[in-house]
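A quick write-up on the structure given underneath.
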Amino acid sequence: MMPMITITRAYRTEFDPTSVQRDALLRHCGTARWAYNWGLARKLEDRRAGRPMRSAISLHKELNKLKDTTFPWLREVSKCAPQEALRNLDRAFANTRGGKRGRKVWGLPRFKSRKRCIGSFRISAGTRVEPRRIRLPRIGWIRLKERDYLPTDSHLLSVTISERCGRWFVSVAVRGNVTVEGEPTRVVGVDLGIRKLVTTSDNTVFNNPRALDKARARLRHAQRQLARKRRGSRNRAKAAQRVARLYMRVANVRRDALHKITTTLTRTKSVIVIEDLHPSDMLRNHRLARSLADAAFGELRRQLEYKAVWHGSRIVVAPSFYPSSKRCPCAGCDTVVRQIALSTRTFTCPACGCSRDRDLNAALNLRNLAVSSTDKTIACGESVSPPIEAAGVAEAGTARAPFGRVGGERPFKPLAQPRGAAATG
Ligand SMILES: [Zn+2]
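Structural data, given as structure tokens:
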């Protein structure tokens with residue numbers, strides 16, 4: 027009996043537009059940005075006058091009336107572009123501090139600038155997907171760089187188009203049913219680290235691709251080149267593009283590794299025990315900050331949590347300050363040592379004399395949190411098999427997806443949803 031659940035998820039892939047299509051995409055992005063700024067100006071006007079701010083719906087009606095007189099060029103783009111931009115604006119106000127959802131964003135929404143980025147736009151109707159292409163209203167069929175990645179049979183909630191470093195991406199949000207295939211027995215403890223990004227209690231090691239670390243020399247060079255270019259010059263813009271492309275690659279390498287880890291774990295394990303880390307607190311330690319940011323523990327946990335829902339596994343978070351690295355995991359021993367230096371890579375128990383890799387030791391302790399005392403199978407002094415290096419994750423540049431094309435290992439940008447909805451973080 028496998029239960030079915032309904033989830034919302036997004037698939038993101040790259041476009042291959044013709045130059046005519048690229049112009050149309052740029053025009054849509056421009057219109058969305060313009061509508062956002064136009065709406066923002068009106069809302070701020072209301073606010074200054076002390077009356078309630080106009081909503082996205084009334085602003086859109088107002089805009090429609092001006093279509094034939096003041097802004098005839100709005101007819102050239104899909105009506106969704108300005109409409110969805112105004113909706114985003116409503117959401118931006120709701121997310122300010124004290125807003126409806128009470129998220130901590132300081133200050134009011136700001137005007138979008140063309141200088142900052144080309145931006146994005148969203149289409150909510152009139153789209154269709156085929157294995158190799160997608161149709162957008164007013165633009166037509168656009169080729170996709172990947173075949174068979176976007177789902178062709180699902181109901182599309184929305185399609186978001188965005189640009190980064192001269193490349194165009196489409197993100198498709200769909201709602202569908204998935205079968206939850208959880209087995210109740212496979213419990214795993216997961217220790218997070220910097221060099222070894224993930225060590226599990228069954229001694230699988232996922233290395234950290236250390237994307238930022240590897241790109242640092244090239245980034246330093248590119249940043250220096252940028253700093254030497256005259257402000258406002260064409261060469262400066264080109265140098266800025268080079269820096270942006272390097273950062274994009276860093277982000278891609280990191281995301282790829284994280285998705286592979288979280289997919290593997292949630293697919294093969296039913297209970298995953300993790301530490302309760304507070305990434306933003308940890309970043310205050312300046313000696314570790316860069317490596318920690320490069321490891322992206324927060325994103326790892328976010329992915330584990332939403333993928334756990336898809337695959338029917340459960341995430342257990344160890345209490346803060348649980349001494350996972352200082353405890354002996356052997357059955358019936360449970361000795362806690364006072365302190366273990368970060369440089370000490372092996373845990374040796376003073377009571378029973380067992381000794382194993384520090385990260386594995388921590389993972390075993392985390393696993394023990396979720397199993398009954400009789401299932402703590404490690405006998406005192408038991409040796410463990412050497413670590414298994416997870417395939418494909420060790421070397422970032424050559425990594426290949428081990429699971430084919432379906433599944434959750436792809437970059438995925440969920441749309442904002444009501445709180446508590448499944449599958450987004
Ligand atoms: Zn012991």
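With the first letter of the sequence shown counted as 1, position 386 gets the number 412 in our numbering; the numbers rise by one all the way through. Backbone N, C-alpha and C define an ideal beta-carbon position, used for all residues, glycine too. If you're wondering where the values come from, they're calculated on a predicted model, not measured in any experiment.
Rounded separation between residue 194 and residue 44 - CA only: On the sequence shown, position 168 is the one that residue 194 refers to. On the sequence shown, position 18 is the one that residue 44 refers to. Their backbone Cα atoms lie some 11 Å apart in a straight line.
Three-state secondary structure (DSSP) of residue 167: For the purposes of this step, residue 167 is taken as the residue at position 141 of the sequence shown. Of the three classes helix, strand and coil, the one that applies to residue 167 here is strand, per DSSP.
Anticipated Cβ contact below 8 Å, residue 107 with residue 57, distance rounded: Position 81 of the sequence shown, counted from the first residue, corresponds to residue 107. Position 31 of the sequence shown, counted from the first residue, corresponds to residue 57. Contact check for residue 107 and residue 57: beta-carbon distance about 5 Å, within the 8 Å limit, so the pair qualifies.
Beta-carbon gap between residue 321 and residue 160 smaller than 7 Å: Position 295 of the sequence shown, counting from 1, holds the residue named residue 321. Position 134 of the sequence shown, counting from 1, holds the residue named residue 160. Not a contact, by the Cβ cut-off of 7 Å.
Option in 49, 50, 52, 89 with minimal Cα separation from residue 66: Start at 1 with the first residue of the sequence shown, and residue 66 comes out as number 40. The shortest Cα separation from residue 66 among 49, 50, 52, 89 belongs to 89.
Distance CB(residue 248)-CB(residue 284) smaller than 7 Å: Within the sequence shown, numbered from 1, the residue matching residue 248 stands at position 222. Within the sequence shown, numbered from 1, the residue matching residue 284 stands at position 258. Cβ distance not < 7 Å, so residue 248 and residue 284 don't count as in contact.
Proximity below 7 Å, CB of residue 336 to CB of residue 224: Your numbering for residue 336 matches position 310 in the sequence shown. Your numbering for residue 224 matches position 198 in the sequence shown. For residue 336 and residue 224, no; Cβs fall outside 7 Å.
8 Å contact criterion, which residue 189 and residue 149 should meet: CB distance rounded: Taking the sequence shown and counting its residues from 1, one reaches residue 189 at position 163. Taking the sequence shown and counting its residues from 1, one reaches residue 149 at position 123. Cβ atoms of residue 189 and residue 149 stay farther apart than 8 Å, at about 15 Å.
Simplified DSSP state of residue 84, which is helix, strand or coil: Looking up residue 84 in the sequence shown gives position 58. Helix at residue 84.
Touching by the beta-carbon criterion (3+ pairs, under 8 Å), the segment 67 to 82 and the segment 235 to 250: no
Residue 200: first and last residue of the uninterrupted beta strand (DSSP E) it sits in: Within the sequence shown, residue 200 is the residue found at index 174, counting from 1. That run of the beta strand (DSSP E) goes 193 to 205.
Heavy atom of ligand 1 within 6 Å of residue 374 beta-carbon: Reading the sequence shown from its first residue, position 348 is the one you call residue 374. Not under cutoff, so the answer is no.
Local conformation of residue 325 per DSSP, three classes: Along the sequence shown, read from residue 1 onward, the residue named residue 325 stands at position 299. Correct three-state label for residue 325: helix.
Backbone secondary structure at residue 36 - three-state DSSP: Indexing the sequence shown from 1 puts residue 36 at position 10. Of the three classes helix, strand and coil, the one that applies to residue 36 here is strand, per DSSP.
CA nearest to the CA of residue 168, picked from 384, 387, 40: The residue labelled residue 168 in the question sits at position 142 within the sequence shown. Residue 40 is the option with its Cα nearest to residue 168.
Three-way DSSP call (helix, strand, coil) for residue 424 in this model: Working through the sequence shown from its first residue, we reach residue 424 at position 398. Confidence at residue 424 is low in this model, with a pLDDT of 31, below 50, so the placement of that residue should be treated as unreliable; the coordinate-derived value is given next. Correct three-state label for residue 424: coil.
Residue 64, buried or exposed, once every other Cβ within 10 Å from all chains shown has been counted against 16: The count along the sequence shown starts at 1 and reaches residue 64 at position 38. With a threshold of 16 other beta carbon atoms within 10 Å, residue 64 meets it and is buried.
C-beta contact flag for residue 201 and residue 218 at 7 Å: As a working mapping, residue 201 is identified with position 175 in the sequence shown. As a working mapping, residue 218 is identified with position 192 in the sequence shown. No.
Three-state secondary structure assigned by DSSP to residue 370: Position 344 of the sequence shown, counted from the first residue, corresponds to residue 370. In the structure shown, residue 370 sits in coil (DSSP, three-state: anything other than H, G, I, E or B).
Cβ distance (whole Å) where residue 138 is taken to contact residue 59 below 8 Å: Mapped onto the sequence shown, residue 138 falls at position 112. Mapped onto the sequence shown, residue 59 falls at position 33. Indeed, because the Cβ distance is near 5 Å, the residues count as touching under 8 Å.
Residue 134 (DSSP reduced to helix, strand or coil): Here residue 134 is taken as the residue at index 108 of the sequence shown, counted from 1. Here residue 134 sits in coil by DSSP.
With 16 other Cβ atoms within 10 Å as the buried cut-off, status of residue 171: The sequence position of residue 171 within the sequence shown is 145, counting from 1. The residue is exposed, with fewer than 16 neighbouring Cβ atoms inside 10 Å.
With 16 other Cβ atoms within 10 Å as the buried cut-off, status of residue 349: The sequence position of residue 349 within the sequence shown is 323, counting from 1. Exposed is the call here.
For residue 197, the nearest candidate out of 176, 251, 213 (CA to CA): The residue you call residue 197 lines up with position 171 of the sequence shown. For residue 197, the nearest C-alpha among the options comes from 176.
6 Å CB neighbourhood of residue 363 in its chain, flanking five on each side removed: For the purposes of this step, residue 363 is taken as residue 337 along the sequence shown, with counting starting at 1. So the list reads 352, once near-sequence residues are dropped.
Residue 389: CB within 6 Å of a non-hydrogen atom of ligand 1: Translated into the one-based positions of the sequence shown, residue 389 becomes position 363. For ligand 1, not one heavy atom lies less than 6 Å from the Cβ of residue 389.
Residues near residue 30 by beta carbon distance below 6 Å, same chain, minus five either side: In the sequence shown, the residue the question calls residue 30 occupies position 4. So the qualifying residues of the chain are 203, 205.
Check: residue 143 C-beta below 6 Å from any heavy atom of ligand 1: By 1-based counting over the sequence shown, the position of residue 143 is 117. Because no heavy atom of ligand 1 lies under 6 Å away, the Cβ of residue 143 does not count as near it: no.
N-terminal and C-terminal residue of the alpha helix (DSSP H) that residue 261 is part of: The sequence position of residue 261 within the sequence shown is 235, counting from 1. For residue 261, the uninterrupted alpha helix (DSSP H) run begins and ends at 260 to 294, by DSSP.
Beta-carbon proximity list for residue 163, same chain, < 8 Å, skipping 5 on both sides: As a position in the sequence shown, residue 163 is number 137, starting the count at 1. For residue 163, where only same-chain residues beyond five positions count, the Cβ hits under 8 Å are 104, 106, 149, 151, 152, 153.
Beta carbon of residue 296 nearer than 7 Å to that of residue 339: Here residue 296 is taken as the residue at index 270 of the sequence shown, counted from 1. Here residue 339 is taken as the residue at index 313 of the sequence shown, counted from 1. For residue 296 and residue 339, yes; Cβs fall inside 7 Å.
Per-residue burial, residue 32 [other beta carbons within 10 Å of its own, 16 or more giving buried]: On the sequence shown, position 6 is the one that residue 32 refers to. Counting C-beta atoms within 10 angstroms of its own C-beta, residue 32 has fewer than 16 neighbours from the protein chains shown and is therefore classed as exposed.
Beta-carbon proximity list for residue 62, same chain, < 6 Å, skipping 5 on both sides: Within the sequence shown, residue 62 is the residue found at index 36, counting from 1. The answer, listed in chain order, is 111, 115, 138.
Contact check, residue 245 vs residue 266, beta carbons under 7 Å: Along the sequence shown, one-based indexing puts residue 245 at 219. Along the sequence shown, one-based indexing puts residue 266 at 240. No, these two residues do not count as a Cβ contact at 7 Å.
First and last residue of the uninterrupted alpha helix (DSSP H) at residue 239: Stepping through the sequence shown from its first residue, residue 239 is reached at position 213. Residues 237 to 253.
Close beta carbons around residue 178, own chain, < 8 Å, minus the five adjacent residues each side: Reading the sequence shown from its first residue, position 152 is the one you call residue 178. Cβ within range, chain order: 155, 156, 157.
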